[in-house]
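Each remark here refers to the structure printed beneath this line.
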Amino acid sequence: MTNGVKRAGFALVLALTVGPGAAWAQVDEDGSAVVVDMPEMDRGCPVKPEFLPMTPMGQVGIDRLGWLVHQAIIPPSKDKFFLAGARSRSGVKPVPMEQSKKLGALDTTKAPIWVFGKEKSKACKGTPIAYWAVRMGTDEDRQTYLMAELAMECEVLPPGRLAGTPIALRQKDEPTGCVLRRPNRSHTGKESDGIPPDYAEHIPPQDCAAPECARLWEYFGVTGDEGEGAFDLTVSYLHRNGSNPCNWATDDLSMLFVRGRESTALTPLKPGGQLFGGLWDFSGPRFILSREMGVLYAYDYQKLKAAPKAVRYGSPTEEDLIHAKRTLSPCKK
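Using my numbering, the first residue of the sequence shown is number 1078, and each one after it goes up by one.
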């Protein structure tokens, strides 16, 4: 009889353990079976995430701190917010909630928005509370974008440096175990410093002899515990002409690289862009994130030979084009 009870008890434990209820049974002090919920395993970063870039409110003309998350590009046929002459100018206008879905607002009832904010913090849910039509760009490329203002269940950094930009993604389940890492190491080379060999092998030869020419370089990177990650390199050749640095011609080069675990070799990532973070989970790096001229690039760390996911979230303005060139020139304008 006793053996029969033991076999029955084992069957109960096994059924609860492998069954869909994600629970297991244990015996308390008086011999009664108690069902205990099993801890849920971390899901890690999504395999095929739907990335949603975020833009500072102040950048689009809303006079307060905060972020907007990209929803869709509003086609001209549906753009009733900027008509006639207004289409030739940048601007921002509120979009009524009841019109947002017809313009491409994402259905967050089926797949919520998850926001990664501060360094190594887990994702939190973001709920749209207002929508905006944002008109931006130059005469050659001007479009209207639908963006959402979110109520977020976690803190994010205020708009400022690119490295503090949040990232959002959309999926049904919370991406537990997936965290955002921000740039955590950097180095600036002086004029007399040689470029580290692992970077130098990727840089085309350049005729730059002192004192007429000076070469400056710097890199910053986002890395994990074993040194794997991505690095953003800028090299500037300054051709001195007089005492005013603003009169010096420059040749500038920027490249984005990835490094594997326990490796010193660097692999260039194309098309590149300016590094601002990466997503990590229990398997290590999952996605390397960069931005360039209104496009977000997400490189799959496990499929680096494949083209990155690219999301168009803005049209460059005249000011963006002026400041697009990345240089280490000491000219202060």
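Don't be surprised by glycine CBs; every beta carbon is placed ideally from N, CA and C.
DSSP places S1367 within a strand segment (E or B) once states are collapsed to three.
Fewer than three pairs of CB atoms, one per stretch, sit closer than 8 Å, so the region 1269-1280 makes no contact with the region 1376-1384. Straight-line spacing of the CA atoms in R1363 and F1297 works out to 19 Å. Assignment of S1154 by DSSP, reduced to helix, strand and coil, places it in the helix class. Per the C-alpha coordinates, the member of G1135, K1199, T1327, G1181 positioned closest to H1147 is G1181. Contact check for V1256 and C1231: beta-carbon distance about 12 Å, past the 8 Å limit, so the pair fails to qualify. Closest option to G1214, judged by alpha-carbon separation, among V1169, A1240, K1197: V1169.
Contact between D1216 and S1165 is confirmed by a C-beta separation of about 7 Å, below the 8 Å threshold. By the neighbour-count criterion, in which a residue is buried when 16 or more other Cβ atoms sit within 10 angstroms of its Cβ, D1218 is exposed. Contact check between the region 1173-1180 and the region 1121-1137: fewer than three CB pairs, one atom from each, fall below 8 Å, which does not count as touching. Counting along the chain, Q1176 sits inside the alpha helix (DSSP H) bounded by residues 1174-1177. With respect to the C-alpha of C1285, the residue from K1402, I1244, D1329 having the closest C-alpha is D1329. In this structure, the alpha-carbon of V1335 lies about 15 Å from that of N1261.
When DSSP reads this structure, F1308 sits in a beta bridge with G1298, F1334. Closest option to T1221, judged by alpha-carbon separation, among A1228, L1227, I1365, R1212: R1212. When secondary structure is reduced to three states using DSSP, C1201 falls in the strand class. The C-beta separation of Y1374 from A1387 comes to about 6 Å, placing the pair in contact by the 8 Å criterion.
Assigned with DSSP and collapsed to three states, Y1314 falls in strand. Per DSSP, reduced to three states, the secondary structure at C1323 is helical.
Assignment of V1192 by DSSP, reduced to helix, strand and coil, places it in the strand class. Between E1295 and H1264, the C-beta spacing is below 8 Å. DSSP places P1235 outside any beta strand (DSSP E), giving it a letter other than H or E. A check of alpha carbon separations from Y1276 across G1391, L1346, I1365 identifies L1346 as the nearest.
With fewer than 16 other CB atoms across the displayed protein chains lying within 10 angstroms of its CB, A1287 is exposed. Restricting attention to L1352, E1305, E1226, S1320, the CA atom closest to the CA of I1139 is found in E1226.
Beta-bridge pairing by DSSP links A1375 to L1366, K1386.
Setting aside the 5 residues that flank it on each side, K1402 is surrounded in the same chain by D1329, each with a C-beta closer than 8 Å to its C-beta; the list follows chain order. The beta carbon of E1305 lies closer than 7 Å to those of R1336, G1337, R1338, G1361, P1362 in the same chain, with the five residues before and after it left out. Comparing C-alpha distances from L1246 to each of N1318, L1183, T1327, E1395 shows the shortest one belongs to L1183. Between the region 1228-1242 and the region 1194-1214, the count of Cβ pairs shorter than 8 Å is three or higher; the stretches touch. Here DSSP, grouped into helix, strand and coil, assigns A1182 to coil. Across the structure, P1407 and D1309 are spaced so that their CA atoms are roughly 20 Å apart.
Note on P1235: under 16 other CB atoms within 10 angstroms of its CB, so exposed under the neighbour-count rule. Ranking G1266, T1253, S1198 by CA distance to the CA of P1243 puts S1198 first. Per DSSP, reduced to three states, the secondary structure at A1161 is helical.
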